[in-house]
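Quick note: the sequence shown uses full-length UniProt numbering, first residue 1, plus one each step.
Using N, Cα and C, we set each Cβ at its ideal position, and we do this for glycine too.
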Amino acid sequence: MVNHGRSNGCTTCKQRRVKCDQARPKCQACQRLGLHCGGYKTKYALKFRDQTHKFFTNSGVKERGPVSVMRPAEPDTAVPFFLQHYAGIGRSMGSARGFFEVLIPVYYSQPQDSALSLAVSAVASKILALWRHDTRGFRPETYTQAVKCLRRTIADRNEWGKPETALAVLALQLYENVAAIYDLRTATRVHHDGAMSLLPFVGSHSDHVTGASVYPRRFILHTEISSAMRQERPLQSMAYSWAGGHDLNLIDNPSSALDAIGASVAELQASYMQLATQYALPTGRVAAEAKRIDEQLLAWAQSVPDHWYPLRLVSQDIDPSIPTYQSVCEIYPHCQIANIWNLWRIQRLLLVKISLSSASTSSREQLEYKHTLQELVDSVCYSVPFYLGNRTRPSSIPDFTDPAILLPSEHLTRPDIGRKSEGDEHKRHIIAQGPWHLMSPLSRLLTLFSEEHGGTQIAAFLRPGQYEWICEQFLRVTTLLHIPQADTGDGMGGYTPLASNSSSRGCVNSRVDQLAKRVRRGAVFMSGP
């Protein structure tokens, strides 16, 4: 159930239990003491009561495994489940990309038969059906109704600039992304292109929810930059002009700043790919541009808030049931911040790829780039335990209350995780969102390793056994998300480690590479790395 939370002081003052003057963008109390000001919950922040029990079977028995079918205890539980676990918890305006952060207040301002309401319902029913292992609970007709309603809506030019129109288009693209991933096919771009066509108009109306027009525009730009990097193409001209202007700075947070740099990464990668089609090595100019952009990325890492930096745990701090790489785990305030860091790492890896192929790179520089590449891949591996914990079976509703599921961050007393109730929300949001957030960076690494650059495969630079470990973790992700696996025909069984026999392992690795590429084609217009 949803209810409006009270507006209050900054999160830092609330944790310190002191009065806050609520000055913007940082309160005077925090500035005077040299503390990080955690910012303010917006007036439309919403709180959710934990009603996970409503998604169990009527008997209350916690069923597990591929044959269990979860039935709703009351009608239309899909939308509350989706909004709570994907839009309500594990999100903050400090790391906002622009879709989920304003989805709840705008959604609740719309009638039930609106395009946005129908689009959210379609996505929600798809997501909840996956959690229940029950395709019968999935309602594809709602998607068709949403598309028809949206067509009627955009026939009116006055609707083009409204945030609810843009959010409806983005929700339909999310639906298409999810469907494409599970069908192991390439996602269509019709809704993405529709969102791009709305870009000049979004924000032309006054907000009935503060900031609601700015954020969807930011998310449209973010997904265009992400998809351009995935497809190794230039940005659409409209997006390039907006990204090169001031619009990415309208939301003053690290994610927006990273996207502004990401636009340059996408453009440089497109130039590099054009040279590759001509069988030409990158020139010194291209290598110099890669170095310049990398310096911007390094400066970005120095500019983020202190609490964004990962906290490193080693073997004695981690439950032995949680798989780790080199007995190391790095934890973050929440999944979205971890995802932004992995996007930063992927952008740097793309620049390393370009630099390693440059004809003007010296032997010493080659060694430095290889060292950087190894550090970046290691860091992605260190984030895996944070996202997945010790989970190995397909996700199901009982996971949210299963004490056997352990996460390395759940018992830590960090200021950004807070008291027990907030710690419970922290665990639930990682269970819901963790595998989704990890799917893109792991699939990107695997596709990058399978490519040849300058006559050398990047996989040759990895540590012994690291490539196989990444393959195993990607299979864990597809198992948790119920994504069909090429070697089993489905994603409903438990995760099984790869074979130790070298010839069998090579065959499985090849299938994992193909699966990663197909998943990546389905996720091409999704947010993130």
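Element boundaries [alpha helix (DSSP H), containing C10]: Along the sequence shown, one-based indexing puts residue 10 at 10. No alpha helix (DSSP H) contains C10, which DSSP labels as neither H nor E.
Residue range of the beta strand (DSSP E) that includes R91: For the purposes of this step, residue 91 is taken as residue 91 along the sequence shown, with counting starting at 1. Unbroken run through R91: none, as it is neither H nor E.
9 Å Cβ cutoff met for Q466 and C329: Position 466 of the sequence shown, counting from 1, holds the residue named residue 466. Position 329 of the sequence shown, counting from 1, holds the residue named residue 329. No, the Cβ-Cβ distance between Q466 and C329 is not below 9 Å.
Cβ of I340 within 9 Å of any chain B Cβ: The chain labelled as chain B is not found in the depicted structure, where only one protein chain is given.
Alpha-carbon to alpha-carbon, Q31 and G9: As a first step, residue 9 must be located in the sequence shown, where it is residue number 9. As a first step, residue 31 must be located in the sequence shown, where it is residue number 31. Approximately 14 Å between the Cα atoms of the pair.
Extent of the continuous alpha helix (DSSP H) to which R364 belongs: In the sequence shown, residue 364 corresponds to position 364, counting from 1. 363-388 is the span of the alpha helix (DSSP H), which, as asked, contains R364.
CB of L184 within 9 Å of CB of I483, strictly: Locating residue 184 in the sequence shown gives position 184, counting from the first residue. Locating residue 483 in the sequence shown gives position 483, counting from the first residue. At the C-beta level, L184 and I483 come within 9 Å of one another.
Runs of alpha helix (DSSP H) lying entirely within the segment 438-477, each at least 4 residues, in chain order: If we require 4 residues or more, the segment 438-477 turns out to have no alpha helix (DSSP H) run fully inside it.
Which residues DSSP lists as bridging C329, in chain order: To locate residue 329, count along the sequence shown from 1; it is residue 329. According to DSSP, which records beta bridges pairwise, C329 is partnered with L313.
Cβ neighbour criterion (16 or more within 10 Å) applied to V190: The residue given as residue 190 occupies position 190 in the sequence shown. With fewer than 16 other Cβ atoms within 10 Å, it is exposed.
Straight-line Cα distance separating W131 from E176: The count along the sequence shown starts at 1 and reaches residue 176 at position 176. The count along the sequence shown starts at 1 and reaches residue 131 at position 131. E176 and W131 have their C-alpha atoms some 18 Å from each other.
Proximity below 9 Å, CB of G98 to CB of P216: Locating residue 98 in the sequence shown gives position 98, where the first residue counts as 1. Locating residue 216 in the sequence shown gives position 216, where the first residue counts as 1. Going by C-beta atoms, G98 is nearer than 9 Å to P216.
Secondary structure of L407, DSSP reduced to three states: Position 407 of the sequence shown, counted from the first residue, corresponds to residue 407. Looking at L407 - three-state DSSP - the assignment turns out to be coil, as it is neither helix nor strand.
Same chain, Cβ closer than 6 Å to L311, five either side skipped, listed in chain order: As a working note, residue 311 is residue 311 in the sequence shown. In chain order, I331 place their CB closer than 6 Å to the CB of L311, counting only its own chain and leaving out the 5 sequence neighbours on each side.
Coil, strand or helix - A155 by DSSP: As a position in the sequence shown, residue 155 is number 155, starting the count at 1. Shown here, A155 sits in coil according to DSSP, grouped into three states, outside any helix or strand.
Euclidean distance between Cα positions of S226 and V202: As a working mapping, residue 226 is identified with position 226 in the sequence shown. As a working mapping, residue 202 is identified with position 202 in the sequence shown. Their Cα atoms are separated by approximately 20 Å.
Which of helix, strand or coil DSSP assigns to P234: Here residue 234 refers to the residue found at position 234 of the sequence shown. P234 falls in the coil class under three-state DSSP.
Proximity winner among P385, F461, G94, relative to S255 (alpha-carbon distances): Start at 1 with the first residue of the sequence shown, and residue 255 comes out as number 255. When each option's Cα is compared against that of S255, the closest is G94.
Cβ pair L515, T479 closer than 9 Å: Here residue 515 is taken as the residue at index 515 of the sequence shown, counted from 1. Here residue 479 is taken as the residue at index 479 of the sequence shown, counted from 1. Cβ atoms of L515 and T479: not closer than 9 Å.
Of the residues Q274, A270, L297, the one placed nearest L258, counting alpha carbons only: Walking along the sequence shown from the start, residue 258 turns up at place 258. L297 is the residue among Q274, A270, L297 whose C-alpha sits nearest the C-alpha of L258.
Assumed close pair I430, Y369 - CB separation to whole angstroms, cut-off 8 Å: The residue you call residue 430 lines up with position 430 of the sequence shown. The residue you call residue 369 lines up with position 369 of the sequence shown. Not confirmed; about 33 Å, so no contact.
Close-in-space but distant-in-sequence residues of the same chain around N509 (CB under 8 Å, 5 per side omitted): Position 509 of the sequence shown, counted from the first residue, corresponds to residue 509. Correct list, in chain order: Y467, E468, C471, L498.
Cβ neighbours of Y309 in the same chain (closer than 7 Å, five flanking residues each side left out): Reading the sequence shown from its first residue, position 309 is the one you call residue 309. Excluding positions up to five away in sequence, the list is empty.
Given G423 as reference, the closest of P385, L343, H334 once Cα atoms are compared: Your numbering for residue 423 matches position 423 in the sequence shown. Measuring from the Cα of G423, the nearest candidate turns out to be H334.
Reduced DSSP secondary structure (H/G/I, E/B, other) of T188: Residue mapping note: residue 188 aligns to position 188 of the sequence shown, counting from 1. Correct three-state label for T188: coil.
Element boundaries [alpha helix (DSSP H), containing G284]: To locate residue 284, count along the sequence shown from 1; it is residue 284. 284-303 is the span of the alpha helix (DSSP H), which, as asked, contains G284.
Buried or exposed by the 16-neighbour rule on C-beta atoms within 10 Å, applied to L442: Here residue 442 refers to the residue found at position 442 of the sequence shown. Buried, by the Cβ-count rule.
As assigned by DSSP and simplified to three states, the class of T392: For the purposes of this step, residue 392 is taken as residue 392 along the sequence shown, with counting starting at 1. T392: coil per DSSP, three-state reduction.
E101 classed as buried or exposed, judged by whether at least 16 other C-beta atoms fall within 10 angstroms: The sequence position of residue 101 within the sequence shown is 101, counting from 1. Label assigned to E101: buried.
Simplified DSSP assignment, three categories, for K148: By 1-based counting over the sequence shown, the position of residue 148 is 148. K148: helix per DSSP, three-state reduction.
8 Å Cβ shell around T186 - same chain, five flanking residues per side excluded: Translated into positions along the sequence shown, residue 186 becomes position 186. A180, R521, G522, V524.
Integer-rounded CB distance, given that L170 should sit under 8 Å from A195: For the purposes of this step, residue 195 is taken as residue 195 along the sequence shown, with counting starting at 1. For the purposes of this step, residue 170 is taken as residue 170 along the sequence shown, with counting starting at 1. That belief holds up - the Cβ atoms of A195 and L170 are roughly 6 Å apart, short of 8 Å.
Contact check, P385 vs I340, beta carbons under 9 Å: Working through the sequence shown from its first residue, we reach residue 385 at position 385. Working through the sequence shown from its first residue, we reach residue 340 at position 340. No, these two residues do not count as a Cβ contact at 9 Å.
Where E375 falls, given that 16 or more other Cβ within 10 Å makes a residue buried: Stepping through the sequence shown from its first residue, residue 375 is reached at position 375. Exposed, since its Cβ has fewer than 16 Cβ neighbours within 10 Å.
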